[in-house]
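Engineer: Chains as they are written, first to last, in this note's numbering: chain X, 1 to 306; chain W, 1001 to 1332.
The beta carbon of each residue, even a glycine, is placed where N, CA and C say it ideally should be.
Attaching a single structure in structure tokens format; questions to follow.
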């Protein structure tokens, strides 16, 4: 009785260790220093951004002119990272800035990915005239220097979240499109596509069910790099005063304030810049790590706007 | 070769036409009537009606586009609201400052990036390699405008070593000439040094990202070439390591580096818009931002078209350079 109980416990614990061993083995290729380091930074960003309303010590837009341009009080003071020219708390604005950067970057990456992969898959699958037309569009949009088309869109259409996302997507879908097209071109003559076609599947079904799933691993890698460049571009546009409306705190517009008060108040420029830098570094590390695992052959396609 | 060149020029024309179409559509997508946009706020209703007739805004849209295209083809980009001067002249005045900044940044990226990359590639996993890969990551992740601001903060603000904005102490060369290059050519070392003091920080801010990329590409290219048979042959001949590295490896490793430099020239071009704003550099990039702030639409349109067409020409020149370097491309 006693014996069988211990035996049973042993079997269960054996099974448990076996399961955790399997889990560890499955996870091992993913746990490279780059993925862990980058992942932690990205996780902190996501947590900071999501919980901004609860952890930010002040309202990011609460002005207090008597407290304007206060230097950082560090850990135990009222304004840990100091205040800006209108007396707004820098730390609170950084948390809210993380939110905006994150929301914009994620939306830009998803929209660019969907547009790019769909057009790339269509272009590669149908080939011929369709391919020619889509590739002509790619060529023309790509002929603009990076960021310039975004600047032009913001200049003509005006500030605002939708315009900003349109501006950031305007060239970012192209990398997905090019890579997807290349892969779709080789996939279209593979046996499983022939098989689907001979079973009477329509083009839409073949593209959505058979071609597009095969494009996802590369798209994931492109997506992380594209997210890093989207964060930098968004910050650059906000820095130039071409981002979201000024009442929304963003790291880029905070940096622009920092440039204005650079001779007196170093903290205005240092902290938002550090946030951008570490965020981009984290995402780039994660992307590099993912590429090593998922798609070692995919070469880095440009660094975005630096 | 001539035939290839002609073919490529002809293939570029539709792209330029489509670029102008895209910009034209963008102007028309702007909220409000182009006549309101293209006239200053003080214009009366009669002025607007007059302008609509004069610019042909009462015509069908394809006629309007053809006029727009004809104006571009005759290098007529309209008149700036703010300066009341022809746009093309305003841009021309500011371009040398931008080109000089781009050249300086390119020099920094190449003169530091390539040697570091060769070093890292020749000794993989050494401390030089690790340092290089850290620097490469920094270069890619650090936005140029923040690097610029930090340089101003530390080098100008704290140490007071270099000036933080503008192009020269004496007020000469406000954009309209190649200040440093001309001073060097005429042997005027004092003004050349003055110009260098002003250009060095913007050039570092703009060139660092590209430097990181050049380094990474050089490294991987050297790593690949160094295990080729002809490198072994060169070593077996008894050539010393330095000759092997610089004469046999680097020469062949440079082709992908040129590719990356070419691809990144566009990033450099648009990066210069932001860096010029940070350093109050009197180039065409800061002109564009000032034009956007004052809603000077003809100047915005003109600058965007100039930058894009310049980018197309640069890409074209790089393709030609390939055809010269690598004869396989001509027939490929």
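Please classify residue 1169 (chain W) as buried or exposed, where buried requires at least 16 other C-beta atoms within 10 Å of its C-beta.
Structural biologist: Exposed.
Engineer: Report the start-end ranges of each beta strand (DSSP E) in the segment 7–40 of chain X that is 3 residues or longer and not cut off at the edges.
Structural biologist: Correct list: empty.
Engineer: For chain W, find out if any of its Cβ atoms is closer than 8 Å to the Cβ of residue 246 (chain X); answer yes or no.
Structural biologist: With 8 Å as the cut-off, residue 246 (chain X) does not count as an interface residue toward chain W.
Engineer: Considering only residues of the segment 112–196 of chain X, which uninterrupted alpha helix (DSSP H) runs meet the minimum length of 4 residues and lie entirely inside it, listed in chain order?
Structural biologist: The qualifying runs are 128–142, 148–157, 161–187.
Engineer: Residue 232 (chain X) to residue 147 (chain X), Cα distance in whole Å?
Structural biologist: Taking the straight line joining both Cα atoms gives about 10 Å.
Engineer: Applying the 10 Å Cβ sphere with the 16-neighbour rule, what's the burial state of residue 1016 (chain W)?
Structural biologist: Buried, by the Cβ-count rule.
Engineer: Using 10 angstroms around the beta-carbon of residue 63 (chain X), count the other beta-carbons present and answer buried if the total reaches 16, otherwise exposed.
Structural biologist: When all chains shown are included, residue 63 (chain X) counts as exposed.
Engineer: If we count the other Cβ atoms within 10 Å of its Cβ and call it buried at 16 or more, is residue 1010 (chain W) buried or exposed?
Structural biologist: With fewer than 16 Cβ atoms within 10 Å of its Cβ, residue 1010 (chain W) is classed as exposed.
Engineer: Measure the alpha-carbon distance for residue 1053 (chain W) versus residue 236 (chain X) and round it to whole angstroms.
Structural biologist: Their backbone Cα atoms lie some 39 Å apart in a straight line.
Engineer: Along the segment 1137–1152 of chain W, what residues have a CB closer than 7 Å to any CB found in chain X?
Structural biologist: Hits within the stretch, in order: 1137, 1140, 1141, 1142, 1143, 1144, 1145, 1146, 1149, 1150, 1152.
Engineer: So if I threshold CB-CB distances at 9 Å, which residues from the segment 1264–1282 of chain W count as touching chain X?
Structural biologist: Going along the segment 1264–1282 of chain W in chain order, one finds 1264, 1265, 1266, 1267, 1268, 1269, 1270, 1271, 1273, 1274, 1277, 1278 with a Cβ nearer than 9 Å to chain X.
Engineer: For residue 304 (chain X), count neighbouring Cβ atoms within 10 angstroms of its own Cβ and tell me buried if that reaches 16, exposed if not.
Structural biologist: Residue confidence is low: residue 304 (chain X) scores 34 on pLDDT, short of 50, so the model does not pin down where it sits. Its coordinate-derived value is still stated next. It counts as buried.
Engineer: Just how far apart, CA to CA, sit residue 1318 (chain W) and residue 1112 (chain W)?
Structural biologist: Approximately 22 Å between the Cα atoms of the pair.
Engineer: Which residue comes first and which comes last in the alpha helix (DSSP H) that contains residue 217 (chain X)?
Structural biologist: Taken as a continuous stretch (DSSP letters only), the alpha helix (DSSP H) holding residue 217 (chain X) covers 212–239.
Engineer: Does the beta carbon of residue 1026 (chain W) come closer than 8 Å to any beta carbon on chain X?
Structural biologist: Chain X, which has a Cβ nearer than 8 Å to the Cβ of residue 1026 (chain W), makes this yes.
Engineer: State the start and end residues of the unbroken alpha helix (DSSP H) segment that holds residue 76 (chain X).
Structural biologist: Note, residue 76 (chain X): premise wrong, no alpha helix (DSSP H); not H, not E.
Engineer: Determine the DSSP secondary structure at residue 1143 (chain W), reduced to helix, strand or coil.
Structural biologist: DSSP places residue 1143 (chain W) in coil when its eight states are reduced to three.
Engineer: Could you spell out where the alpha helix (DSSP H) holding residue 1091 (chain W) opens and where it closes?
Structural biologist: Where residue 1091 (chain W) is concerned, the enclosing alpha helix (DSSP H) stretches over 1087–1122.
Engineer: Flag this pair as touching only if the segment 36–43 of chain X and the segment 279–291 of chain X have three or more C-beta atom pairs under 8 Å; answer yes or no.
Structural biologist: A contact exists between the segment 36–43 of chain X and the segment 279–291 of chain X.
Engineer: According to DSSP, simplified to helix, strand and coil, what is residue 1076 (chain W)?
Structural biologist: Residue state, collapsed to three classes: coil.
Engineer: I'd like the span of the alpha helix (DSSP H) that includes residue 1028 (chain W), first residue to last.
Structural biologist: From DSSP, the alpha helix (DSSP H) with residue 1028 (chain W) extends over 1002–1029.
Engineer: Report yes or no: do three or more beta-carbon pairs, one from the segment 1249–1269 of chain W and one from the segment 1136–1143 of chain W, lie closer than 8 Å?
Structural biologist: Flag = no, the segment 1249–1269 of chain W and the segment 1136–1143 of chain W do not touch.
Engineer: May I have the straight-line CA-CA distance separating residue 14 (chain X) from residue 38 (chain X), to the nearest angstrom?
Structural biologist: One C-alpha to the other measures close to 34 Å.
Engineer: Is there a Cβ from chain W that is less than 8 Å from the Cβ of residue 140 (chain X)?
Structural biologist: Yes, residue 140 (chain X) counts as interfacial toward chain W.
Engineer: Between W:1002, W:1287, W:1030, which has its C-alpha nearest residue 1089 (chain W)'s C-alpha?
Structural biologist: The residue with the shortest Cα to Cα distance from residue 1089 (chain W) is W:1287.
Engineer: Look at the Cβ atom of residue 1117 (chain W), then the Cβ atom of residue 1219 (chain W), and state whether they are nearer than 8 Å.
Structural biologist: Cβ distance < 8 Å, so residue 1117 (chain W) and residue 1219 (chain W) count as in contact.
Engineer: Which residues, taken in chain order from the segment 118–145 of chain X, show a beta carbon closer than 8 Å to some beta carbon of chain W?
Structural biologist: Within the segment 118–145 of chain X, the residues whose Cβ lies closer than 8 Å to some Cβ of chain W are 136, 139, 140, 141, 143, 144, 145, listed in chain order.
Engineer: Does the segment 177–193 of chain X come within contact of the segment 259–270 of chain X, defined as at least 3 CB pairs closer than 8 Å?
Structural biologist: The answer is no - the segment 259–270 of chain X does not touch the segment 177–193 of chain X, with fewer than three Cβ pairs under 8 Å.
Engineer: With C-beta atoms as the reference, is residue 258 (chain X) less than 8 Å away from residue 238 (chain X)?
Structural biologist: No.
Engineer: Taking only the alpha-carbon atoms, compute the straight-line gap between residue 1128 (chain W) and residue 53 (chain X) and give it to the nearest angstrom.
Structural biologist: Each residue's Cα considered, the two are about 45 Å apart.
Engineer: Looking only at its chain, what residues have a beta carbon closer than 6 Å to the beta carbon of residue 111 (chain X), apart from the 5 residues adjacent to it on each side?
Structural biologist: Cβ within range, chain order: 169.
Engineer: If I follow the unbroken alpha helix (DSSP H) through residue 83 (chain X), where does it start and stop?
Structural biologist: Taken as a continuous stretch (DSSP letters only), residue 83 (chain X) belongs to no alpha helix (DSSP H), as it is neither H nor E.
Engineer: Beta carbon of residue 1308 (chain W), beta carbon of residue 1019 (chain W): below 8 Å?
Structural biologist: Yes, they are a contact pair.
Engineer: If we cut at 8 Å on Cβ distances, does residue 1311 (chain W) have a partner in chain X?
Structural biologist: Taking Cβ atoms only, chain X reaches closer than 8 Å to residue 1311 (chain W), which makes this a yes.
Engineer: With a 10 Å radius around its C-beta and 16 neighbouring C-beta atoms as the bar for buried, classify residue 219 (chain X) as buried or exposed.
Structural biologist: Flag for residue 219 (chain X) reads buried.
Engineer: Looking at the structure shown, is residue 284 (chain X) part of a helix, part of a strand, or coil, going by DSSP?
Structural biologist: Looking at residue 284 (chain X) - three-state DSSP - the assignment turns out to be helix.
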